[in-house]
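Structure first, commentary second.
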Amino acid sequence: MIATLPLAAEGGHHSVPLVDPGAADGVLGLVWLVIALPLAGAVVLLVGGRRTDRWGHWLGTATVAASFALSVAMLVALLGREEGDRQVGRHLWDWVSVGDYRVGMDLLYDPLSALFLLLITGVSTLIHVYSIGYMAHDARRRRFFGYLNLFVAAMLLLVLAADYLGVFLGWEGVGLASYLLIGFWQHKPSAAAAAKKAFVINRVGDIGMSLAIMLMFVTFGTTAFAGVSAAAGEAPESTMTAIGLLLLLGACGKSAQVPLQAWLLDAMEGPTPVSALIHAATMVTAGVYLVTRSNFVFENAPVAQTAVVVVACVTLLWGAVIGCAKDDIKKVLAGSTMSQIGYMMLAAGLGPAGYAFAIFHLLTHGFFKANMFLGAGSVMHGTGDDVDMRHYGALRRAMPVTFLTFAMGYLAIIGFPGFSGFWSKDKIVEAAIGENYLVGAAALVGAGVTAFYMTRLMLMTFFGEARWEPGVHPHESPKVMTVPLLVLAALSVLGGLLLLGDWIVDWLTPVVGPVEHHELPVPVWAITLLVTAVVAVGVAVAVLLVGRRPVPREAPRDVSFATRAARADLYGDAINHGLVVAPGGALVRGLVATDRHGVDGVVEGGSGLVGALSDVLRRAQNGYVRTYALSVLGGAVIVVLAMVAVSW
Amino acid sequence: MIAFWLLAPVMVVAALGVLFVRKAVHAALLLAVVMIGLAVLYAALEAPFLFAVQIVVYTGAIMMLFLFVLMLVGVDASDSVVETIRGQRVLAVVVGGAFAALVGVLLGQVTLGTAVGLEGANEGGNIEGLADVLFSRYVLAFEATAALLVTAALGAMVLAHRERLTPRETQADRARARVRLYGEGGEHLGPKAAPGVYARHNAVDTPALLPDGTPAESSVPSIISARGTARSAPAYRDVDAVVGQLEAADHDRADGDPRRRRSGDTQATGDADRARADGAADGARDGAPGGGDA
Amino acid sequence: MDDLTPYLVLSAILFSIGAVGVLVRRNAIVVFMCVELMLNASNLALVVFAKQHGNLEGQVAAFFVMVVAAAEVVVGLAIIMTIFRSRRSASVDDASLLKY
Chain H
112 MIATLPLAAE
122 GGHHSVPLVD
132 PGAADGVLGL
142 VWLVIALPLA
152 GAVVLLVGGR
162 RTDRWGHWLG
172 TATVAASFAL
182 SVAMLVALLG
192 REEGDRQVGR
202 HLWDWVSVGD
212 YRVGMDLLYD
222 PLSALFLLLI
232 TGVSTLIHVY
242 SIGYMAHDAR
252 RRRFFGYLNL
262 FVAAMLLLVL
272 AADYLGVFLG
282 WEGVGLASYL
292 LIGFWQHKPS
302 AAAAAKKAFV
312 INRVGDIGMS
322 LAIMLMFVTF
332 GTTAFAGVSA
342 AAGEAPESTM
352 TAIGLLLLLG
362 ACGKSAQVPL
372 QAWLLDAMEG
382 PTPVSALIHA
392 ATMVTAGVYL
402 VTRSNFVFEN
412 APVAQTAVVV
422 VACVTLLWGA
432 VIGCAKDDIK
442 KVLAGSTMSQ
452 IGYMMLAAGL
462 GPAGYAFAIF
472 HLLTHGFFKA
482 NMFLGAGSVM
492 HGTGDDVDMR
502 HYGALRRAMP
512 VTFLTFAMGY
522 LAIIGFPGFS
532 GFWSKDKIVE
542 AAIGENYLVG
552 AAALVGAGVT
562 AFYMTRLMLM
572 TFFGEARWEP
582 GVHPHESPKV
592 MTVPLLVLAA
602 LSVLGGLLLL
612 GDWIVDWLTP
622 VVGPVEHHEL
632 PVPVWAITLL
642 VTAVVAVGVA
652 VAVLLVGRRP
662 VPREAPRDVS
672 FATRAARADL
682 YGDAINHGLV
692 VAPGGALVRG
702 LVATDRHGVD
712 GVVEGGSGLV
722 GALSDVLRRA
732 QNGYVRTYAL
742 SVLGGAVIVV
752 LAMVAVSW
Chain Y
15 MIAFWLLAPV
25 MVVAALGVLF
35 VRKAVHAALL
45 LAVVMIGLAV
55 LYAALEAPFL
65 FAVQIVVYTG
75 AIMMLFLFVL
85 MLVGVDASDS
95 VVETIRGQRV
105 LAVVVGGAFA
115 ALVGVLLGQV
125 TLGTAVGLEG
135 ANEGGNIEGL
145 ADVLFSRYVL
155 AFEATAALLV
165 TAALGAMVLA
175 HRERLTPRET
185 QADRARARVR
195 LYGEGGEHLG
205 PKAAPGVYAR
215 HNAVDTPALL
225 PDGTPAESSV
235 PSIISARGTA
245 RSAPAYRDVD
255 AVVGQLEAAD
265 HDRADGDPRR
275 RRSGDTQATG
285 DADRARADGA
295 ADGARDGAPG
305 GGDA
Chain B
203 MDDLTPYLVL
213 SAILFSIGAV
223 GVLVRRNAIV
233 VFMCVELMLN
243 ASNLALVVFA
253 KQHGNLEGQV
263 AAFFVMVVAA
273 AEVVVGLAII
283 MTIFRSRRSA
293 SVDDASLLKY
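As they're listed, the protein sequences go chains H, Y and B. If you read the first sequence in the numbering used here, its first letter stands for residue 112, the second for the next number, and so on. If you read the second sequence in the numbering used here, its first letter stands for residue 15, the second for the next number, and so on. If you read the third sequence in the numbering used here, its first letter stands for residue 203, the second for the next number, and so on.
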């Protein structure tokens, strides 16, 4: 239905900026060092082994912090350049050279990469610091930091590569790191299973990604951003649609969008800093990065763009609904992450009207979601690793710092006026309404539901009466954990400043083109008011339903169908099982049976036949020399017979 | 051709005889007939050297070898002409007949024409002609046959040679062993009775009689007993006969109860048996230290 | 003295008899004799061919056959002796262990 509406109809062939980087100089020439530092850290920590146990976490934090410092320096350098000169390329070495196909290990540093670099290295630094405290009692802390460094290096490669193949390398690298970190507590079967699930579902998306890269190579003969962006306009629309849909599939896998969303909630089995860094702030936003970076593809593939919007709308509601029913604090946040990434994808799918706001929301979400995950980690740290919100309550007095920082994140995500989420989400809803009323309505409803479940989370965790487990004495976390919380809380509050004077929009213009403003039926302030009102309704409902009555310590059983469905992740696993796992299993069993009875049967039957035949034929070897002599004479007879026949 | 027509039927019959006679010696003799016939045919075919060689080598040497081996192997059950492999004989005759028939057909197809004859080749003498060919064109093959013959001789020697694995048993060893057996089991130390001793027939197939008149089976060679051709020693009958003669003589001279005498005789025989058993036991007792000394 | 075909027929008959003898007799020595019979039959053919063609090569070939036959008999009889010594049998059917 949405596809029939004039969605992005006029978006088609406007001025899509080309990727045409200039030469790197000065501090920008050191861009490779941003990746190399965490990579070296990972190598030292993982190869060094137990020798590095004592100082490994400091090294891991230091490398990321150094990368952050370098990123800041590079941003300053980039700011010093003229607006049209803000794409910088750096050729490191020739990577693949086959015939006409050449892939260099090229890095591209432009405003988009710059923002991602700051987000990744900045949030990573904070989370590394936090992890020093959070993982203090884990015997394998050094390995944890090695994996984290590996992840940071791969993620930085993902956002810095100037070629889809390079992006794919980073893409797989973060997938590997994600797998290792989800299953970090591999002694828990649930963690091992969750890691496997994430890995397998991500493979589905990665197939889409790799197919898209192959299709690009076939179509354009190159996979570099520069080459593809230059040639994208000339390619047939069907090809571009295929590439776009395949890229979307890859983005769905990595960003946990419907239909490849099922792994994200299970991924919460990993340590909480991992959930904060990988499964909230950075890696799961790689899909948004991919769509935004590939704007030259999607601008030429309206159908794929529409698909992005549809997937995003479904996901943002899907995640929000799941968030409403979960009692596990991390799973509520995971559902919220799905939903918020849905918002970003929605904005990215809206085309030039939304790219900048997608990135804007991505940044603010990175701040406040990392903040809230770390806050949740702090809560768990204080309550003996309990994740059930029904066992919380009245923690605001026991953990004041955590409560205050969490509250900042809460206000930011529901879009409380003035906080960062207010600015970014408001812009997305505005753009969605300007594009299509149905999409706008979905975004609006999502905002209300978000307000509901986040308020529920706040009320169940920090307010009401204490429902703690016996023997649990909640306490505030150490400084090494609260300081990052404070920094992130500040960013959650102040993130909106990026929009001041439309700075971020102008900043991203060289990458995604200027923002198109749609004519809105109502003034902008009215929409803002509407969004705020919906959020207020959501908060009010939550206060009425959760805050006004006691929270049972056991989840009620006699609940509506909708609640049951939401608790079961809206039957995502069942759908996967029914559509993929069961038919796949049946197919494999069929193939095994065919192999065992058909192929093996032919082979073994053949050998059996030969065996049976030889069982009969070997009777000729009866050991009697006279029988052999008889056969010799028989042969002589045949020879003579032949001679007679010839001379007849 | 007269020689041919005279000899050919004889040779064929002799050859068939090789197939059918039971005894290998007869087969060898029949084969000799065929070979001599062949030698004559060689002579008729202007091959005097081969005639001589056939007689000397084949009939003289090879057939003699056969006969020697036959002598060594002896009579054997394999001489039987009963077929043991099912269908072998029928198939052999069929295939052999087919072979002969086919070769015959083949010969019928060709026309040999007039033979060139060996008058020219044998002009300087048959042996000289053969030597000419043998030592010029076939000299290498000839040398090779020399090697073959040496190898065959060596091979035959190796095959026929029997390695002695234990030291040769001397007379002293045998004496010692006998005394040991006597010491362990009381076996008779002295020589065994020779056949025919005290028996009426002094022949190798007649068991000797022990002093009590019973036949000693061990005095007859085991091969004869195994073959079942050993004669029975009519021990009692002979003794009875002698006793009867004596009684008859007694009867003539004085009255007496022959029955009583006979029972006494029997008694005496039982005493002799007992005495022999005692003697053996004594021997065992006395002989043990003696055996140890030996 | 013109047509030598009867000689060849005789040779063929003797050869066939020898062959059948190899197949039907069980005594290894008699089997060996039959082999000799076959060799002699072929010798006859060779001598006949020598006369037919008027050169002595056939006779030389027959001579070689005799030499080889002599060597073969020596070794063959030695083998028969050895087998007889260990198995107490000269039957070719008794040596039938090498089978399926």
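Just so it is clear, CB atoms sit at the ideal spot from N, CA and C, and this is done for glycine as well. These figures come from a predicted structure and were not determined experimentally.
{"Asked": "Exposed or buried, which one is residue 280 of chain Y when buried takes at least 16 other CB atoms within 10 Å?", "Found": "Residue confidence for residue 280 of chain Y is low, a pLDDT of 45 falling below 50, so the modelled location carries little weight; the figure read from the coordinates is stated next. Under this definition residue 280 of chain Y is an exposed residue."}
{"Asked": "Using a C-beta to C-beta distance shorter than 9 Å, which residues of chain Y count as neighbours of residue 758 of chain H?", "Found": "120, 123 and 124"}
{"Asked": "Along the stretch 724–745 of chain H, what residues have a CB closer than 7 Å to any CB found in chain Y?", "Found": "735, 737, 738, 741, 744 and 745"}
{"Asked": "Evaluate the contact criterion for the stretch 605–617 of chain H versus the stretch 460–475 of chain H: three or more CB pairs, one atom per stretch, below 8 Å.", "Found": "yes"}
{"Asked": "Using the Cβ count rule (16 or more neighbours within 10 Å means buried), how would you classify residue 638 of chain H?", "Found": "buried"}
{"Asked": "Residues of chain Y with CB closer than 8 Å to the CB of residue 755 of chain H, please, in chain order.", "Found": "116, 119, 120 and 123"}
{"Asked": "Quick one: is residue 475 of chain H buried, meaning 16 or more other Cβ sit within 10 Å of its Cβ, or exposed?", "Found": "buried"}
{"Asked": "By a C-beta neighbour count over all protein chains shown, 10 Å radius and 16 as the cutoff for buried, is residue 85 of chain Y buried or exposed?", "Found": "exposed"}
{"Asked": "Rounded to whole angstroms, what is the Cα-Cα separation between residue 254 of chain H and residue 264 of chain H?", "Found": "15 Å"}
{"Asked": "Just how far apart, CA to CA, sit residue 746 of chain H and residue 116 of chain Y?", "Found": "13 Å"}
{"Asked": "If we count the other Cβ atoms within 10 Å of its Cβ and call it buried at 16 or more, is residue 711 of chain H buried or exposed?", "Found": "exposed"}
{"Asked": "Mind listing the chain H neighbours of residue 292 of chain B? Cutoff is C-beta to C-beta under 8 Å, in chain order.", "Found": "Here the premise fails: no neighbours, minimum Cβ distance about 13 Å."}
{"Asked": "Buried or exposed: where does residue 218 of chain B fall if 16 or more other Cβ atoms within 10 Å of its Cβ makes it buried?", "Found": "buried"}
{"Asked": "Threshold first: 3 residues or longer. Then list the beta strand (DSSP E) segments lying entirely within the stretch 472–497 of chain H, N to C.", "Found": "none"}
{"Asked": "Rounded to a whole number of angstroms, what is the C-alpha to C-alpha distance between residue 202 of chain Y and residue 196 of chain Y?", "Found": "6 Å"}
{"Asked": "Listed from N- to C-terminal order along the chain, which residues in the stretch 210–232 of chain B have their beta-carbon within a distance smaller than 7 Å of any beta-carbon of chain H?", "Found": "221, 224 and 225"}
{"Asked": "Does chain Y have any CB closer than 9 Å to the CB of residue 301 of chain B?", "Found": "no"}
{"Asked": "What first and last residue would you give for the alpha helix (DSSP H) that runs through residue 44 of chain Y?", "Found": "38–58"}
{"Asked": "Taking the alpha helix (DSSP H) that residue 614 of chain H belongs to, which residues open and close that run?", "Found": "614–623"}
{"Asked": "Decide if the stretch 247–261 of chain H is in contact with the stretch 157–171 of chain H; the criterion is three or more beta carbon pairs, one per stretch, under 8 Å apart.", "Found": "yes"}
{"Asked": "Taking 9 Å as the CB-CB limit, is residue 243 of chain B close to chain H?", "Found": "no"}
{"Asked": "Assess contact between the stretch 213–231 of chain H and the stretch 364–384 of chain H, defined as three or more Cβ pairs (one per stretch) separated by less than 8 Å. Is contact present?", "Found": "no"}
{"Asked": "What is the DSSP secondary structure of residue 564 of chain H, reduced to helix, strand or coil?", "Found": "helix"}
{"Asked": "Run through chain H and tell me which residues come within less than 7 Å of residue 109 of chain Y, C-beta to C-beta.", "Found": "741, 744, 745 and 748"}
{"Asked": "Select from the stretch 43–66 of chain Y all residues with a C-beta closer than 8 Å to any C-beta belonging to chain B, and list them in chain order.", "Found": "45, 48, 49, 52, 55, 56, 59, 60, 61, 63 and 64"}
{"Asked": "Residue 31 of chain Y to residue 51 of chain Y, Cα distance in whole Å?", "Found": "15 Å"}
{"Asked": "Within 9 Å of any Cβ in chain Y, is that where the Cβ of residue 714 of chain H sits?", "Found": "no"}
{"Asked": "Does the beta-carbon distance from residue 264 of chain B to residue 64 of chain Y come in below 9 Å?", "Found": "yes"}
{"Asked": "If contact means a Cβ-Cβ distance below 9 Å, which residues of the stretch 126–146 of chain Y contact chain B?", "Found": "126, 127, 128, 129, 130, 131, 132, 133, 134, 135, 136, 140, 143, 144 and 146"}
{"Asked": "Using beta carbons (cut-off 9 Å, strictly below), is residue 99 of chain Y in contact with chain D?", "Found": "Looking for chain D here will not work: the only protein chains present are H, Y and B."}
{"Asked": "With distance defined between alpha-carbon atoms, name the residue in H/314, H/220, H/721 and H/304 nearest to residue 135 of chain H.", "Found": "H/220"}
{"Asked": "To the nearest angstrom, how far is the alpha carbon of residue 565 of chain H from that of residue 681 of chain H?", "Found": "19 Å"}
{"Asked": "Do residue 259 of chain H and residue 175 of chain H have their C-beta atoms closer together than 9 Å?", "Found": "yes"}
{"Asked": "Give the residues of chain H in contact with residue 298 of chain B, contact being defined as C-beta atoms less than 9 Å apart.", "Found": "733, 734, 735 and 736"}
{"Asked": "Distance check for residue 246 of chain Y and residue 256 of chain Y, CA to CA, integer angstroms please.", "Found": "18 Å"}
{"Asked": "Can you tell me which of the three DSSP states residue 584 of chain H falls into?", "Found": "coil"}
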